[in-house]
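This report refers to the structure that appears directly beneath it.
Protein chains in written order, with UniProt numbering: chain F, 1 to 361; chain R, 1 to 361.
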């Protein structure tokens, strides 16, 4: 299958693949898709610069993009230490108590990370500045349109700007702000997500805007890609599916948790970042639903609160506590395969589906 | 478009239309779809008998079906008066206080309905017994497979049995119990619904069972029908869309509320029946989220609790309080049209979509 998105992005298949892993991103672009690197994990812009320099070679001349997280409303700023003072002691007590109850050991002294700062406007801006020094084809923003000057800078350099939307009115606002591609992200998606399911959201956004729309949320197979095209999307934006690729270098606990999980084993919650995000449901997420659990804090405080806990949960090696954003298609992730094999299967099944359903006419 | 479902049901289009209104059901069947009458509102089996006798003529020889509500676990039984004693006084106080706060006047003395009893196993059984006296083609159950003897009776008379499922493992259980057609109902659907969105649920159920699957939830246009077929469904089950038909004889308040609502204006809540169901979001549903609101009661007590309130809310003529199950596709319902016009548009758009996306190959 080919759509106008293929020409716009310069790729063989209308499949955009998001991943925090540069290894996954490079493999997607090399296989004829469009890889997009999630930047939120880079507290240090210099580290992102190094990774993008690697990507410039590893993509072998194929186009790729970056994804930053710039909330529409600029959130509380400050150094981690200052922000930390805004976290109520009761919240810290709950986190520590819960980790102990779940049998999650402390880390060594060397592991004192400040938490994920990529949610901060200033840090996301530093990501954009670094990205503009590299031959990226697209800048996507996970939380609506980037500020006007960022859009203008990107357009001046011939880059495309994409923005995620969970509602048609938001999508209209994104396009009015100058966004070139809207990613309509349904309820079933992993990570930050809204209330409207892809089946309803995608055609609504397609009808609301005059730019190409990518369907995100619930896309993990070729049939789902064909369905997205039927809904009027010009392509798909897939994130969760690559967590099951051999290029995604996760520890064995996360891998086991992802392979075991069914489509019912996710939950949409504010405990990860302060905004509703879909996560793998497990003993850690369930603890936040119990009667002694406090309400999650607003972004960026909630992630600062749980960031150290996330490191401990991941390091524990226990698959029943891993903190992981993932969509409902996790139920389809039942074996680990290379990105190129996943992508070939997606394209083959989508083509077969388009061919088969045409016979119903 | 045609699928094997058309032959199985004896219809022109693979579109099953559910409605509590016999006028809508007759119009769907006459227009080449398959109308299914929701029976839960009939407290009196004799009343259902009268309506089915009318339908036998009004469908003009076209096939139709009925939908009953038999929970998998037989719930608390008893007369309304006995059951009423199980309702805590605090719940009754909250309902009365809320109606007053919302400005909803009391009804006259003539309006003392006992509440909807169709949730009761015994009442649902009386629906089945009546239906078996009529030339219905299909019995659907909204809450899983009917009891074995009901399935056996239906099969003995050459009827098909359908059951709704919100998870693949439930669907497998339905088919093991003898169900002929599974309705995979996604999160975005109106009324009782699960957590998994149609985009993920439909292919999962298709892969799990060897019987035809209908996609329900989020289907309100021909593009959505084409998407459902891409996901492997052999047809669709649509409910909400007919609430916007001229044959659905609602009052002006409900009609205005449905026409005004966007896809964000629904909420999934236990306040209607005791089980999670998607409703139009309004001042009534929001009141149950406030700090003084009690937790909803289990089925069938919750509906007995709110049934009188529902009558008052409907009679108030206030579009901001109507109690109404509806799916997220309510955002597409922007004008009132005859069922036949809605159905023609669905078929035309689905055919066009199948044709257009084939050109992407």
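No residue lacks a Cβ here, since even glycine has one placed at the ideal position from N, Cα and C.
This structure is a prediction, so every number in the text was calculated from the model and none was measured.
- Enclosing alpha helix (DSSP H) for residue 230 of chain F [first to last residue]: Taken as a continuous stretch (DSSP letters only), the alpha helix (DSSP H) holding residue 230 of chain F covers 222–230.
- Where residue 187 of chain R meets chain F, residues with beta-carbon distance less than 8 Å: Here the neighbours are 187, 188 and 197.
- Query: Can you tell which of F:196, F:65, F:149 and F:358 has its C-alpha closest to the C-alpha of residue 169 of chain F?
  - Reply: The option with the nearest alpha carbon to residue 169 of chain F is F:196.
- Query: Using a Cβ-Cβ cut-off of 8 Å (strictly less than) and excluding sequence neighbours within five positions of residue 148 of chain R, which residues of its own chain qualify?
  - Reply: Excluding sequence neighbours, residue 148 of chain R sits near 177 and 178.
- Query: Hey, is residue 351 of chain R's beta-carbon within less than 9 Å of any beta-carbon in chain F?
  - Reply: With 9 Å as the cut-off, residue 351 of chain R counts as an interface residue toward chain F.
- What are the residues that DSSP puts in a beta bridge with residue 268 of chain F? DSSP output for residue 268 of chain F lists F:278 as bridge partner(s).
- Task: Whole angstroms is fine: what's the gap from residue 134 of chain F's alpha carbon to residue 308 of chain F's?
- Result: Residue 134 of chain F and residue 308 of chain F: Cα-Cα distance of roughly 32 Å.
- Task: Name, in chain order, the residues that DSSP records as bridge partners for residue 141 of chain R.
- Result: Within the DSSP bridge table, the entry for residue 141 of chain R names R:68 and R:163 as partners.
- Item | Where residue 121 of chain F sits in the DSSP three-state scheme | Residue state, collapsed to three classes: helix.
- Query: Among the residues of its own chain, which have a CB less than 6 Å from the CB of residue 163 of chain R, if the five just before and after it don't count?
  - Reply: Answer for residue 163 of chain R: 141, 144, 145, 174 and 179, listed in chain order.
- Partner residues on chain R for residue 261 of chain F, Cβ-Cβ distance less than 8 Å: The premise fails here: residue 261 of chain F is roughly 12 Å from chain R at the closest Cβ pair, so nothing lies under 8 Å.
- Beta-carbon proximity of residue 150 of chain R to residue 161 of chain R, cut-off 9 Å: Taking 9 Å as the Cβ cut-off, residue 150 of chain R and residue 161 of chain R qualify as a contacting pair.
- Query: Between residue 48 of chain F and residue 130 of chain F, which are expected to be in contact by the criterion C-beta below 8 Å, what is the C-beta distance as a whole number of angstroms?
  - Reply: Between residue 48 of chain F and residue 130 of chain F a beta carbon distance of about 5 Å is seen, short of the 8 Å cut, so the two are scored as contacting.
- residue 218 of chain R and residue 327 of chain R look like a contact to me (Cβ under 8 Å); what is the Cβ gap, rounded to whole Å? Sure, about 7 Å apart at Cβ, within 8 Å.
- residue 312 of chain F and residue 106 of chain F closer than 9 Å at C-beta: Using a Cβ distance threshold of 9 Å, residue 312 of chain F and residue 106 of chain F count as a contacting pair.
- Assigned secondary structure, residue 42 of chain F (DSSP; H/G/I helix, E/B strand, else coil): For residue 42 of chain F, the three-state secondary structure derived from DSSP is coil.
- Message: Under 9 Å, Cβ to Cβ, is there at least one residue of chain R near residue 28 of chain F?
- Response: False, the Cβ-Cβ gap to chain R never drops below 9 Å.
- Item | Beta-carbon contacts of residue 63 of chain R that lie in its chain and below 7 Å, excluding the five residues immediately before and after | A distance below 7 Å between beta-carbons, with the five flanking residues on each side excluded, links residue 63 of chain R to the following residues of its chain, in chain order: 9, 10, 11, 29, 34 and 137.
- Query: What number of angstroms, rounded off, separates the C-alpha of residue 152 of chain R from the C-alpha of residue 289 of chain F?
  - Reply: Rounded to whole angstroms, residue 152 of chain R to residue 289 of chain F spans 43 Å at the Cα level.
- With 16 other Cβ atoms within 10 Å as the buried cut-off, status of residue 282 of chain R: So residue 282 of chain R counts as buried.
- Neighbouring residues, chain R, relative to residue 264 of chain F (Cβ below 7 Å): The contacting residues are 167, 195 and 196.
- Message: Using the Cβ count rule (16 or more neighbours within 10 Å means buried), how would you classify residue 359 of chain R?
- Response: Of the other Cβ atoms in all chains shown, fewer than 16 fall within 10 Å of the Cβ of residue 359 of chain R; this residue is therefore exposed.
- Message: Rounding to the nearest angstrom, what Cα-Cα distance links residue 36 of chain F and residue 19 of chain F in this structure?
- Response: Computed Cα separation, rounded: 6 Å.
- Beta carbon of residue 271 of chain F nearer than 9 Å to that of residue 259 of chain F: Contact: no.
- Expected contact under 8 Å - CB spacing of residue 139 of chain F and residue 346 of chain F to nearest Å: Rounded, the Cβ-Cβ distance is 24 Å, inconsistent with contact.
- Whose C-alpha, out of F:334, F:66 and F:53, is nearest the C-alpha of residue 256 of chain F? Nearest option by C-alpha distance: F:334.
- What is the DSSP secondary structure of residue 245 of chain R, reduced to helix, strand or coil? It is a strand residue.
- Item | DSSP-derived helix/strand/coil call for residue 253 of chain R | Residue 253 of chain R falls in the helix class under three-state DSSP.
- Query: Thinking C-beta only, is residue 192 of chain R closer than 9 Å to residue 323 of chain R?
  - Reply: With contacts defined by Cβ atoms closer than 9 Å, residue 323 of chain R and residue 192 of chain R do not form a contacting pair.
- Give the DSSP-derived three-state secondary structure of residue 238 of chain F in the structure shown. Three-state result, residue 238 of chain F: strand.
- Buried or exposed: residue 338 of chain F, going by 16 or more other Cβ atoms within 10 Å of its Cβ? With fewer than 16 other Cβ atoms within 10 Å, it is exposed.
- Message: Please report the straight-line C-alpha distance between residue 325 of chain F and residue 190 of chain F, rounded to a whole angstrom.
- Response: Going by the C-alpha atoms only, they are around 5 Å apart.
- Pick helix, strand or coil for residue 191 of chain R, following the three-state DSSP scheme. Strand, per DSSP.
- Whether residue 357 of chain F touches residue 230 of chain R by CB criterion (9 Å): Yes; because the gap between Cβ atoms is below 9 Å, this pair is in contact.
- Message: Here's the rule: buried if 16 or more other CB atoms are within 10 angstroms of the residue's CB, otherwise exposed. What is residue 302 of chain F?
- Response: Taking all protein chains in view, the Cβ of residue 302 of chain F is crowded by 16 or more other Cβ atoms within 10 Å, so the residue is classified as buried.
- Query: Taking the C-alpha atoms as reference points, what is the distance between residue 122 of chain F and residue 46 of chain F?
  - Reply: When rounded, the distance between both Cα atoms is 14 Å.
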